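S.K.: So the number in this note's numbering is just where the residue sits in the sequence shown, counting from 1, plus 149. All C-beta atoms in this analysis are idealised placements derived from N, C-alpha and C, irrespective of residue type, glycine included. All of these numbers come straight from a predicted model, not from anything done at the bench.
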Amino acid sequence: MAQVPPTAGTCPVFPADHIWNTPVDNLPVHSLSASWIANIGPATGLHPDFGSGLYAGAPIGLPYVYVPGTQTKYPATFTYADESDPGPYAVPLNAPIEGGPSSTGDRHALSIDTTNCILYELYAAYPQTASWLAGSGAIFDLRNYILRPAGWTSADAAGLAVYPGLARYPEVAAGEIRHALRFTVSQTQKAYLWPARHYASDITDPNYPPMGARFRLHANFDITPYPADVQVILRCLKRYGMIIADNGSSWYVSGAPDSRWNNDTLHQLGGVHGSDFEAVDASSLIVNPNSGQARQTAILITTAPASVAVTVGASQQFTSHVTNTANTAVTWSVNGVTGGTPATGTINATGLYQAPTTPANVTVEATSAAQATARALSHVSVSNVAVTVTPARVLVPLSTTVQFTAAVTGTSNTSVIWRVNGVIGGDATYGTITTGGLYAAPTVLPAAPLLTISATSVASSVTGKAYAKLQ
Numbered sequence: 150m151a152q153v154p155p156t157a158g159t160c161p162v163f164p165a166d167h168i169w170n171t172p173v174d175n176l177p178v179h180s181l182s183a184s185w186i187a188n189i190g191p192a193t194g195l196h197p198d199f200g201s202g203l204y205a206g207a208p209i210g211l212p213y214v215y216v217p218g219t220q221t222k223y224p225a226t227f228t229y230a231d232e233s234d235p236g237p238y239a240v241p242l243n244a245p246i247e248g249g250p251s252s253t254g255d256r257h258a259l260s261i262d263t264t265n266c267i268l269y270e271l272y273a274a275y276p277q278t279a280s281w282l283a284g285s286g287a288i289f290d291l292r293n294y295i296l297r298p299a300g301w302t303s304a305d306a307a308g309l310a311v312y313p314g315l316a317r318y319p320e321v322a323a324g325e326i327r328h329a330l331r332f333t334v335s336q337t338q339k340a341y342l343w344p345a346r347h348y349a350s351d352i353t354d355p356n357y358p359p360m361g362a363r364f365r366l367h368a369n370f371d372i373t374p375y376p377a378d379v380q381v382i383l384r385c386l387k388r389y390g391m392i393i394a395d396n397g398s399s400w401y402v403s404g405a406p407d408s409r410w411n412n413d414t415l416h417q418l419g420g421v422h423g424s425d426f427e428a429v430d431a432s433s434l435i436v437n438p439n440s441g442q443a444r445q446t447a448i449l450i451t452t453a454p455a456s457v458a459v460t461v462g463a464s465q466q467f468t469s470h471v472t473n474t475a476n477t478a479v480t481w482s483v484n485g486v487t488g489g490t491p492a493t494g495t496i497n498a499t500g501l502y503q504a505p506t507t508p509a510n511v512t513v514e515a516t517s518a519a520q521a522t523a524r525a526l527s528h529v530s531v532s533n534v535a536v537t538v539t540p541a542r543v544l545v546p547l548s549t550t551v552q553f554t555a556a557v558t559g560t561s562n563t564s565v566i567w568r569v570n571g572v573i574g575g576d577a578t579y580g581t582i583t584t585g586g587l588y589a590a591p592t593v594l595p596a597a598p599l600l601t602i603s604a605t606s607v608a609s610s611v612t613g614k615a616y617a618k619l620q
């Protein structure tokens, strides 16, 4: 297995070694890469087809809903019934519709049963009194590798699942997207490449890209000028790339609407152009052409944390995880310089990073000692902000409270987000904490009584920590 797969609730979004979740940064460039990009538009910028708020009265992006296993399943009638799963579909009749309830567009409706790990997807979906009327529909078990029958559509023109290819805000907030993204182009070839199963074109010219073609951002594309959340998306496009899933506007990248997206920030993706990408040849990953399982032959590296804010002059420990080789040694660098520099910060052989004395945005990289092309990146934002939590260490009897305070320097915004063991506001097992830092211990001693109380600066994401031991 490559790594922990992305999740929907407690469900995997396909296995870790599924093609959606397999890095392609070490694969060869496809022989038709230049021709495909020339026909898609090398001067055209990326467009985030998702965001916050409303556009033309509807949420921006492809919405979805999580439902329990008790969700009522409704029958569905399809225009393309011969290529649709008959159902019934666990899609609530009030499920969000792409473009809103009055949309005349694609009208996707996506629902994930997080009890049974089943994904339900409808295209051109119109709710009826107790059923669905749709153009097509597909049902996917998120725990296996099954593809659509060859030649079948899904709720997407390429015959792929839609949800696994969406940029979702919680992943960006966590600092890493661990799967390929979905995108559209204006004209495609009358052909499809694995794992796609369907085409939607009459163009036979091989210089046009087929459905399922996968593209990645050039490894040397400089992402450091971009905001931190955009850098997460760009790192994903370097490592996992994006897959042509439908006809539409060229270089439109799909995502889910979320009130937490910053639209102005997202639109900076327009500074990344088609010429900054290359098509990859993923044929070496095929285990079975009728399966989404991908051969994991390349050395794979992940680093943690994937994105972090550090105070000037402070240190930060990075770790690496290397798979598919017995040699797990890595070389650490900062902005491409082994060991770093005083201006960007230094890093030693164990991954301990020492921030510079002035603010900076840098990239920490781990490169495999066994294969120089295998590497992983982490983003570091170095700022003047510092957060100190007091008391730094404290013993806390069960069912009592302790007032923690956070001193924030280097910014006029002194707001912080409090967590207990990484959970905002804490929980019943380890205790809760208010927005003002008042910690309330649980009534029962947990198995691990040593807790971390953290305060994260809203201004810079720098985090201060304290430690509490329950007794």
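Suppose contacts are defined by Cβ-Cβ distances below 8 Å. Is V523 in contact with L449 by that definition?
M.R.: Note on residue identity: the sequence assigns Ala, not Val, to residue 523. Against a cut-off of 8 Å, the Cβ pair of L449 and A523 comes out as a contact.
S.K.: Find out if the Cβ-Cβ distance for the pair A617, V536 is shorter than 8 Å.
M.R.: In this structure, A617 sits away from V536, with a CB-CB distance that is not shorter than 8 Å.
S.K.: Counting C-beta neighbours from all protein chains within 10 Å, is the total for A151 16 or more, i.e. buried, or is it exposed?
M.R.: Reliability of the predicted coordinates at A151 is poor, the pLDDT of 43 falling under 50, and the value obtained from them is presented with this limitation in mind. So A151 ends up on the buried side.
S.K.: For K614 and I602, what's the separation of their Cα atoms in angstroms?
M.R.: If I take the Cα positions, the gap works out to 6 Å.
S.K.: Less than 8 Å between the beta carbons of F199 and G404, yes or no?
M.R.: yes
S.K.: Kindly give me the distance between the Cβ atoms of S399 and P454, rounded to whole angstroms, as I take these residues to be in contact under 8 Å.
M.R.: No, S399 and P454 are not in contact; Cβ-Cβ is about 34 Å, not under 8 Å.
S.K.: Can you give me the C-alpha to C-alpha distance between I261 and G314, rounded to a whole angstrom?
M.R.: 14 Å
S.K.: What residue ranges within the region 456-509 form continuous beta strand (DSSP E) runs of no fewer than 3 residues, ordered along the chain?
M.R.: 456-460, 464-466, 468-472, 479-483, 494-496 and 501-503
S.K.: Can you list, in chain order, the residues of its chain with a C-beta nearer than 6 Å to that of R409? Leave out the 5 residues immediately preceding and following it.
M.R.: Y318
S.K.: Smallest Cα separation from Y401: which of M360, V334 and A515?
M.R.: V334
S.K.: Kindly indicate which three-state DSSP category A151 falls into: helix, strand or coil?
M.R.: Note on A151: pLDDT 43, under 50, position unreliable in the model; the coordinate value appears next. If DSSP states are grouped into helix, strand and coil, A151 belongs with coil.
S.K.: Measuring alpha carbon to alpha carbon, tell me which residue in Q338, I435, S609 and P546 is nearest A589.
M.R.: P546
S.K.: So, does the region 418-436 touch the region 183-192, judging by three or more C-beta pairs under 8 Å?
M.R.: Judged by Cβ distances under 8 Å, the region 418-436 makes contact with the region 183-192, as three or more pairs qualify.
S.K.: Can the beta-carbon of W301 be found closer than 8 Å to that of I435?
M.R.: Remark: C-beta atoms of W301 and I435 do not approach each other more closely than 8 Å.
S.K.: Excluding the 5 residues flanking H367 on each side, which residues of the same chain have their C-beta closer than 8 Å to its C-beta?
M.R.: K387, D425, F426 and E427
S.K.: Is R409 helix, strand or coil by DSSP?
M.R.: coil
S.K.: Buried or exposed: Y204, going by 16 or more other Cβ atoms within 10 Å of its Cβ?
M.R.: exposed
S.K.: For the beta strand (DSSP E) holding Y341, just list the boundary residues, first then last.
M.R.: Neither: Y341 is in no beta strand (DSSP E) and is coded neither H nor E.
S.K.: Express the C-alpha separation of L181 and S433 in angstroms, rounding to a whole number.
M.R.: 16 Å
S.K.: With respect to the alpha helix (DSSP H) encompassing E325, which residues constitute its N-terminal and C-terminal limits?
M.R.: Judged by DSSP secondary structure, E325 falls outside any alpha helix (DSSP H); it is assigned neither H nor E.
S.K.: With distances taken from CA atoms, which of V461, A230 and Y223 is nearest P276?
M.R.: Y223
S.K.: With L619 as the anchor, note down where its beta strand (DSSP E) starts and where it stops.
M.R.: For L619, the uninterrupted beta strand (DSSP E) segment begins and ends at T612 to L619.
S.K.: Let me confirm a value: G571 is counted as buried when at least 16 other C-beta atoms fall within 10 Å, else exposed. Which label applies?
M.R.: exposed
S.K.: Leaving out five residues on either side along the sequence, give the residues of the same chain with a beta carbon under 7 Å from the beta carbon of T592.
M.R.: L547 and S548
S.K.: Return the chain-ordered ranges of every alpha helix (DSSP H) run that is complete within the region 177-237 and spans a minimum of 4 residues.
M.R.: Segments of the alpha helix (DSSP H) lying fully in the region 177-237: 182-189.
S.K.: Give, in chain order, every unbroken run of the beta strand (DSSP E) that is at least 3 residues long and sits entirely within the region 339-388.
M.R.: Runs of the beta strand (DSSP E) inside the region 339-388: 363-366.
S.K.: Under a Cβ-count criterion, where at least 16 other Cβ atoms within 10 Å of its own Cβ denotes burial, should F364 be classed as buried or exposed?
M.R.: buried
S.K.: Would you call the CB atoms of V178 and A431 closer than 8 Å?
M.R.: no
S.K.: How big is the Cα-Cα spacing for A349 and M360?
M.R.: Straight-line Cα distance between these residues: approximately 8 Å.
S.K.: Between which two residues does the beta strand (DSSP E) holding E270 run?
M.R.: I267 to Y272
S.K.: Using alpha carbons as the reference points, say which of G580, A608, T584 and N411 lies closest to P595.
M.R.: Among G580, A608, T584 and N411, the Cα nearest to that of P595 belongs to G580.
S.K.: Flag this pair as yes or no: are the beta carbons of I295 and I382 separated by less than 8 Å?
M.R.: no
S.K.: Which of the three DSSP states is assigned to Y401 in this structure?
M.R.: strand
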